[in-house]
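First comes the structure, then the notes that go with it.
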Amino acid sequence: MDACHLCQGTNLPTAQRRNPRTSTNRTLQPVRCFKTSGTGTSDRQLSSNLDSSAPRRPTGSASQQLLQAIRKQVRKETVPWFQGMLQPWLDGAPPPLTDTVPPEQLADIDSKFITVDGVRLHYKEAGSSGPGKPTVLLLHGLNGSTFSWRDVIQPLSQQAGSEGCRVIAFDRPPYGLSERPMTWPEGPEGNPYTSEAGARFAEGLLKALGVQQALVVGHSAGALTAMELFKRNPRIISGFCFVAPALPSASSSSRRNSNSKSKDEDKKDSFIWRATFGQQLQRLYMRALLQNENAGVNYIRRSLQKRRDEVALGKLQVYADAGQQVQQKVIEGYLRPMLADNWDRGSLYSYRAFSFPSDMPYEAITQPVMFITGEKDGALTKGAKKVSELLQTEGNCKCEYVEYEGCGHVPMDEMPDKFMADLQRFVTDVASDRQPLPREATLTDGVDDAPLPLYPPSETAPVQD
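Remember, my numbering sits 245 above the position in the sequence shown when you count from 1.
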């Protein structure tokens with residue numbers, strides 16, 4: 246066996262050599278050297294299995310390791326994100342959309358349209374009002390629409406209550422087939438894309454349809470709209486059903502009366518406190534991007550068209566079971582609003598207007614409340630539990646909390662039978678306990694205090710072939 250630099254001059258199968266680091270004798274395992282003829286270099290060299298107790302050379306100071314970790318995190322989270330975010334600025338002025346039509350041309354046979362506060366709203370309803378028949382208002386979440394309630398509206402109207410009930414669902418701008426206004430009056434009541442505007446449209450729709458009181462069902466951000474409606478007109482609500490709700494977990498009174506320690510705990514639960522450096526940079530950059538009209542529209546189009554392609558493949562990403570089969574009609578139903586005029590700019594203005602409150606006046610609720618959540622809905626389920634516990638311990642209302650095992654963010658899609666059974670039971674219970682509406686709670690138009698007509702005419706969409 247020839248000597249080489251690995252053997253350091255010895256060709257013995259096993260050699261007793263002195264370890265210069267530990268000054269102890271160690272036994273080295275045989276080393277085999279591979280050489281390529283004529284080159285003097287090896288293709289691969291197999292080193293010996295050294296004793297595991299041999300000390301390792303330090304890889305660098307703690308500060309160097311920290312800097313390396315920060316660089317790695319920035320490369321992982323921030324750099325790819327910024328690469329994607331630069332493109333909307335480079336794309337320039339967005340061209341006009343050529344594949345959209347007025348929302349009325351996309352309507353279903355049971356679609357209806359009505360103008361509230363100068364905005365054309367799309368809505369659907371089933372059942373009728375009458376003595377002992379409650380009215381239920383369904384409020385969808387972000388990127389939802391009346392389509393979210395497609396399997397709820399008709400069955401609920403027939404089976405809830407002792408003699409059925411009236412069920413109403415509408416599209417909150419900029420979603421579904423409702424109008425996306427491009428201009429609006431100045432002032433706090435002008436912007437049609439805020440959470441407060443959603444509550445204003447809900448109240449105006451109920452008034453226009455002659456409804457004095459309704460049980461309000463809010464899914465996800467629709468629960469936020471329900472609470473805004475409560476703040477605006479508490480007497481119009483006979484009960485709440487919060488479905489996978491996106492709600493703040495603090496009550497207004499608890500925040501006013503909380504000490505500095507509890508306020509610090511609330512702060513630690515906030516996004517700003519928990520966000521990584523990269524996430525905070527993203528948030529600030531996103532805010533700046535959305536304020537620019539051209540870059541904002543380009544970003545919305547790129548993002549939602551990417552999401553559209555995912556949905557077209559059946560990847561809704563809202564179910565606990567990612568492999569759950571999605572029917573083609575469901576895919577088409579979720580994608581249809583992206584064929585309506587101004588869907589891109591309406592979405593941009595909605596993003597600009599959206600804000601999440603730090604608290605809600607839960608302590609003022611006296612109506613019955615029910616929560617329906619999914620075990621696998623993450624932070625929203627955690628928040629719903631907290632609000633439910635708050636209502637049960639500090640509130641002035643009946644409160645029931647239901648959580649479905651193995652369910653995600655859309656209980657009415659993932660577990661429709663359970664959901665319908667629980668919702669029907671709750672609506673029936675609220676209707677049986679309902680007291681007559683107080684005289685002072687009778688709704689008026691706010692101008693001459695004259696009662697609104699019971700059933701004003703509504704406009705029905707043309708039948709689609």
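Yeah, the Cβ is synthetic: ideal placement off N, Cα and C, and Gly gets one too.
Point to revise | Closest residue to residue 475 among 577, 428 and 613 (Cα-Cα distance) | key: On the sequence shown, residue 475 is found 230 positions in, with the first residue counted as 1. The shortest Cα separation from residue 475 among 577, 428 and 613 belongs to 613.
Point to revise | Sequence-distant residues of its chain with Cβ nearer than 7 Å to residue 587 (five each side left out) | key: Taking the sequence shown and counting its residues from 1, one reaches residue 587 at position 342. Excluding residues within five positions, the ones whose Cβ falls inside 7 Å are 425 and 427.
Point to revise | Contact set for residue 637: own chain, Cβ-Cβ below 6 Å, skip 5 residues either direction | key: One-based indexing of the sequence shown puts residue 637 at position 392. Once the five neighbours on either side are set aside, the close Cβ partners of residue 637 are 644.
Exercise for review: Kindly identify the DSSP beta-bridge partner or partners of residue 412.
Suggested key: On the sequence shown, residue 412 is found 167 positions in, with the first residue counted as 1. According to DSSP, residue 412 bridges with 371 and 381.
Exercise for review: Can you check DSSP and say which residues form a bridge with residue 644?
Suggested key: Counting from 1 along the sequence shown, the entry for residue 644 is found at position 399. Per DSSP, 614.
**Study point:** Helix, strand or coil at residue 605 [DSSP, three-state]
**Key:** Here residue 605 corresponds to residue number 360 of the sequence shown, with the count starting at 1. Three-state result, residue 605: strand.
Point to revise | residue 186 versus residue 417: straight-line alpha-carbon distance, rounded | key: Here the chain covers residues 246 to 710 and nothing more, so residue 186 does not appear.
Practice item. Report the rounded CA-to-CA distance for residue 640 versus residue 659, giving the unit in angstroms. Key: To locate residue 640, count along the sequence shown from 1; it is residue 395. To locate residue 659, count along the sequence shown from 1; it is residue 414. Those two C-alpha atoms are separated by around 31 Å.
Point to revise | Continuous alpha helix (DSSP H) stretch holding residue 451: start and end | key: As a first step, residue 451 is located in the sequence shown; it is residue number 206 there, counting from the start. From DSSP, the alpha helix (DSSP H) with residue 451 extends over 440-453.
Point to revise | Status (buried if at least 16 other CB within 10 Å, exposed otherwise) for residue 312 | key: For the purposes of this step, residue 312 is taken as the residue at position 67 of the sequence shown. It counts as exposed.
Check your understanding: Beta-carbon separation of residue 380 and residue 411 under 8 Å?
Key -> Within the sequence shown, numbered from 1, the residue matching residue 380 stands at position 135. Within the sequence shown, numbered from 1, the residue matching residue 411 stands at position 166. Closer than 8 Å, so yes.
Review point. Where does residue 541 fall in DSSP's three states?
Key: Here residue 541 corresponds to residue number 296 of the sequence shown, with the count starting at 1. Correct three-state label for residue 541: helix.
Review point. Are the beta-carbon atoms of residue 342 and residue 589 separated by less than 8 Å?
Key: Working through the sequence shown from its first residue, we reach residue 342 at position 97. Working through the sequence shown from its first residue, we reach residue 589 at position 344. The answer is yes: Cβ separation under 8 Å.
Check your understanding: Can you tell which of 601, 472, 494 and 420 has its C-alpha closest to the C-alpha of residue 583?
Key -> Stepping through the sequence shown from its first residue, residue 583 is reached at position 338. Among 601, 472, 494 and 420, the Cα nearest to that of residue 583 is on 420.
Practice item. Please state if the CB of residue 333 and the CB of residue 581 are separated by a distance shorter than 8 Å. Key: What you label residue 581 is simply residue 336 of the sequence shown in a count that begins at 1. What you label residue 333 is simply residue 88 of the sequence shown in a count that begins at 1. No; because the gap between Cβ atoms is not below 8 Å, this pair is not in contact.
**Study point:** Span of the beta strand (DSSP E) around residue 630
**Key:** As a position in the sequence shown, residue 630 is number 385, starting the count at 1. That residue, residue 630, is in no beta strand (DSSP E); its alpha helix (DSSP H) goes 624-639.
Practice item. Can you tell me which of 336, 363 and 457 puts its alpha carbon nearest to the alpha carbon of residue 429? Key: On the sequence shown, position 184 is the one that residue 429 refers to. Residue 363 is the option with its Cα nearest to residue 429.
Practice item. Please list, in chain order, all residues of the same chain as residue 669 whose beta carbon is under 7 Å from its beta carbon, the five residues on each side excluded. Key: Position 424 of the sequence shown, counting from 1, holds the residue named residue 669. Cβ neighbours of residue 669 beyond the five flanking positions: 401, 404 and 405.
Review point. Based on the DSSP output, what are the partners of residue 360 in its beta bridges?
Key: Residue numbering aside, residue 360 sits at position 115 when the sequence shown is read from its first letter. Residue 360 is bridged to 365.
Check your understanding: Does DSSP put residue 600 in a helix, a strand or coil?
Key -> Here residue 600 refers to the residue found at position 355 when the sequence shown is read from its first residue. Reduced to three states, the DSSP call for residue 600 is coil.
Practice item. Can you tell me which of the three DSSP states residue 653 falls into? Key: Here residue 653 refers to the residue found at position 408 of the sequence shown. Coil.
**Study point:** Counted within 10 angstroms of its Cβ, other Cβ atoms place residue 454 as buried (16 or more) or exposed
**Key:** Taking the first residue of the sequence shown as position 1, residue 454 is located at position 209. Around the beta carbon of residue 454, 16 or more other beta carbons lie within 10 angstroms, which makes this residue buried.
Review point. What three-state label does DSSP hand residue 460 in the structure shown?
Key: On the sequence shown, residue 460 is found 215 positions in, with the first residue counted as 1. Reduced to three states, the DSSP call for residue 460 is strand.
Exercise for review: Look up residue 194 in the DSSP assignment and give the residues it is bridged to.
Suggested key: Any question about residue 194 goes unanswered here, given that the chain covers just 246 to 710.
Practice item. Using the Cα positions of residue 623 and residue 359, report the straight-line distance between them to the nearest angstrom. Key: For the purposes of this step, residue 623 is taken as residue 378 along the sequence shown, with counting starting at 1. For the purposes of this step, residue 359 is taken as residue 114 along the sequence shown, with counting starting at 1. Their backbone Cα atoms lie some 37 Å apart in a straight line.
Practice item. Return helix, strand or coil for residue 585, following the three-state DSSP convention. Key: Locating residue 585 in the sequence shown gives position 340, counting from the first residue. In this structure, residue 585 counts as strand in the three-state DSSP scheme.
Review point. Can you tell me whether residue 467 is buried or exposed, with buried defined as 16 or more other CB within 10 angstroms of its CB?
Key: Counting from 1 along the sequence shown, the entry for residue 467 is found at position 222. So residue 467 ends up on the buried side.
Exercise for review: Spatial neighbours of residue 361 within its chain, please: CB distance less than 7 Å, with the 5 preceding and 5 following residues excluded, ordered by chain position.
Suggested key: For the purposes of this step, residue 361 is identified with residue 116 of the sequence shown, where counting begins at 1. So the qualifying residues of the chain are 446, 449, 450 and 453.
Point to revise | Continuous alpha helix (DSSP H) stretch holding residue 475: start and end | key: As a first step, residue 475 must be located in the sequence shown, where it is residue number 230. Counting along the chain, the alpha helix (DSSP H) containing residue 475 begins and ends at 466-477.
Point to revise | Beta bridge counterpart(s) of residue 671 as assigned by DSSP | key: Walking along the sequence shown from the start, residue 671 turns up at place 426. Beta-bridge pairing links residue 671 to no other residue.
Practice item. Taking only the alpha-carbon atoms, compute the straight-line gap between residue 371 and residue 557 and give it to the nearest angstrom. Key: Counting from 1 along the sequence shown, the entry for residue 371 is found at position 126. Counting from 1 along the sequence shown, the entry for residue 557 is found at position 312. So the two alpha carbons sit approximately 29 Å from each other.
Check your understanding: How big is the Cα-Cα spacing for residue 617 and residue 648?
Key -> For the purposes of this step, residue 617 is taken as the residue at position 372 of the sequence shown. For the purposes of this step, residue 648 is taken as the residue at position 403 of the sequence shown. The alpha-carbon atoms of residue 617 and residue 648 are separated by roughly 6 Å.
Review point. Are residue 356 and residue 422 closer than 8 Å when you measure CB to CB?
Key: To locate residue 356, count along the sequence shown from 1; it is residue 111. To locate residue 422, count along the sequence shown from 1; it is residue 177. Yes, Cβ-Cβ distance for residue 356 and residue 422 is below 8 Å.
Exercise for review: Helix, strand or coil for residue 496, going by three-state DSSP, please let me know.
Suggested key: Residue 496 sits at position 251 when you count from the first residue of the sequence shown. Of the three classes helix, strand and coil, the one that applies to residue 496 here is strand, per DSSP.
Exercise for review: State the CB to CB distance for the pair residue 605 and residue 472, rounded to an integer number of angstroms; the pair is presumed to be in contact (CB under 8 Å).
Suggested key: Position 360 of the sequence shown, counting from 1, holds the residue named residue 605. Position 227 of the sequence shown, counting from 1, holds the residue named residue 472. Under the criterion of beta carbons closer than 8 Å, residue 605 and residue 472 qualify as touching, at roughly 5 Å.
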